[in-house]
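See structure below.
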Amino acid sequence: MTMQSQDVVKRSATTRPSPSVRHGVEVAKLIDTSTCIGCKACQVACAEWNDLKEEIGDHVGIYENPLDLTANTWTLMRFAEVEPEEYEFDWLIRKDGCLHCGDPGCLQACPAPGAIVKHANGIVDFVSENCVGCGYCIAGCPFDIPRRSAKDNRVYKCTLCSDRVAVGLEPICVKTCPTGCISFGSKEQMKARAQERVGHLKARGYANAGVYDPEGVGGTHVMYVLKHADQPELYEGLPKDPKIATSVALWSGLKPFTAGLMGLAALGAFVHYFAVGPNEVEDEEEETGKTRAAPPASKED
Amino acid sequence: MSGKSKLIQRYTAGDRVNHALLALAFILAGLTGLAFLHPSMFWLSSLFGGGQWTQFLHPLFGVLMFVFFFVAMVKFWKYNLLTGNDFRWLGRLGDVMKNREENLPPVGKYNPGQKLLFWSLVLAMPLLLVSGIALWQPWFAPMFPIGAVRVAGVVHVLSALVLFLGMIVHIYSALFWIKGSTRAMTRGTVTDAWARKHHPLWHREMTSGEKH
Ligand code: SF4
Ligand code: SF4
């Protein structure tokens, strides 16, 4: 839900500015994957706070549970056993969920006015009562995050606890994390903290440690500290250089162009009608049974 | 001899019913589609009970449109093959636009403009169907990889553009420009003079054997 106290800097399928008189601070959540123990407290807390209940599934012998994000699971711990280099083993755990992009692909693809908004504080929120259920956001997102609910034909994802943040609280996952690996604050603070953590990791020998705050999507309001920032794909397919797909940009970019051309064509017909006028069978043609000039191939007369 | 009362059959009752259903399906698919094409037209979704209903109905209207188009296509494709004469006609679009059909090479049942319209629909309709299926939530879109859904979005918009441009020309010509055309699709007949004026070769074919 959008709140009166929150400014909106981007709104899906909207061509005029949204409320934006206030001066918001950009917030961010920082997830330090190197200190995550995979306890899933955050995953449970998210379900608790947002009143979500995942269906009981089957245990298939791996840690991920459920197996994927769903309309009821907005954050999911993903576990990857990888070999970052030859003869080296690492067990990587990543809390998956919406990254709250600076330039959200979901919002760009959405055709329903106000079904997706980006608040001035950086939170990208789905406004379910405006959602039409087309699923275009699913195709628009470079991180494969939004999930459609079969129950109400609406699409859901992490809200970054926009309801809590609006009243000055941290997201529930941040509050719950027992190791302190998730922190929350202004984007500037979080970037500084991330650099500090990267420094520690480098000192411990992780030469490729770094921050995941991808430029291609305008930076994100959920950032990761990664030990292997040079290979984000190791973390269960975190894209290396994410950006809004060209096809998505083309798809949404062609729409106003198409609408404009249709309007022009209709205008052309309108002008033609008044400039040239209709083509009528004239009385004389009707009476005589002759056209104004006999067509060349006609055998008449 | 007066041609006033003489009428020539142009479409059968079956053709007319199918065309009317096709037109209706186009209007419904078109209005629901426009609602999602641009924010300025989103209000059209209210005509169908809101965004959720519009999202549900649009693909159904689209499939109906395709079915009725398919029926028409099977019957009429053979009348729409382009001939050498047609290119000369297309070279004189200026005369076409200015209602000077006396300067044009004579045309048969369909003029080259109508034929091109027909073929643009033969292109656009299947593209709309296939891309529409890939975008169709909830039943089909989840079966396609996200990359395919994205491309389907682009294809759907572009083929909708082709369809709409064609329809603007078609509706303008039939309802406003070429007077006397509408009755072909409402009553099945056109006047003798209309046929002679706009489709002289077809007129000859239809009236050959009769005395003038
Ligand atoms: S991660 Fe996906 S769902 Fe989240 S803001 Fe970015 S584009 Fe939207
Ligand atoms: S499904 Fe996604 S793209 Fe479609 S209206 Fe809802 S939020 Fe917007």
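These protein sequences, in sequence, are chains A and B. With our numbering applied, the first sequence corresponds to residues 33 to 333, in that order. With our numbering applied, the second sequence corresponds to residues 25 to 236, in that order. Virtual Cβ for every residue (Gly too), placed ideally from N, Cα, C. Note that the coordinates shown come from a computational prediction; the quantities given were computed from them, not determined experimentally.
Contact annotation: Leu31 of chain B and Thr213 of chain B have beta-carbon atoms nearer than 8 Å. Proximity to Ile204 of chain A across A:Pro210, A:Cys213 and A:Cys193 peaks at A:Cys193, based on C-alpha coordinates.
Boundaries of the alpha helix (DSSP H) harbouring Tyr305 of chain A: Thr278 to Ala307, taken from the DSSP string.
The residue among B:Gly132, B:Lys133, B:Gly137 and B:Tyr103 with its C-alpha nearest the C-alpha of Gly118 of chain B is B:Gly137. For the pair Ala241 of chain A and Ala224 of chain A, the CB atoms are not nearer than the 8 Å cut-off. Nearest C-alpha to Gln36 of chain A among A:Val53, A:Ala45 and A:Arg48: A:Val53.
Its chain contains no residue whose beta carbon lies nearer than 6 Å to that of Trp143 of chain B once the 5 sequence neighbours on both sides are disregarded.
Taking one beta carbon from each stretch, the segment 162 to 180 of chain B and the segment 158 to 174 of chain A have 3 or more pairs nearer than 8 Å; the two touch.
Neighbours of Cys166 of chain A across chain B, judged by C-beta separation under 8 Å: Phe60, Gln79, Leu159 and Gln161. Placement of the Cβ of Cys209 of chain A at a distance of 7 Å or more from every heavy atom of ligand 1 is found. Within chain B, the residues Phe200, Trp201 and Lys203 have their CB atoms less than 7 Å from the CB of Pro310 of chain A, given in chain order. Taking CB atoms only, Ala103 of chain A has no neighbour in chain B less than 8 Å away.
Between Ala112 of chain A and Leu124 of chain A, the C-beta spacing is below 8 Å. Taking a Cβ-Cβ threshold of 8 Å, the residues of chain B close to Tyr305 of chain A are Tyr196, Phe200 and Trp201, in chain order. The residues Ala59, in chain order, have a CB closer than 7 Å to that of Phe66 of chain B in the same chain once the five nearest residues on each side in sequence are set aside. DSSP, reduced to helix, strand and coil, places Asn104 of chain A outside both helices and strands of the structure shown, so it counts as coil. Phe72 of chain B and His151 of chain A have their alpha carbons spaced roughly 31 Å apart. Non-local C-beta neighbours of Lys272 of chain A in its own chain, meaning closer than 8 Å and more than five positions away in sequence, comprise Gln263, Pro264 and Glu265, ordered along the chain. Cβ neighbours of Gly204 of chain B within its own chain (closer than 7 Å, five residues either side excluded): Val214, Thr215 and Trp218. Remark: the C-beta of Lys72 of chain A is outside contact range of ligand 1, defined as less than 7 Å to any heavy atom.
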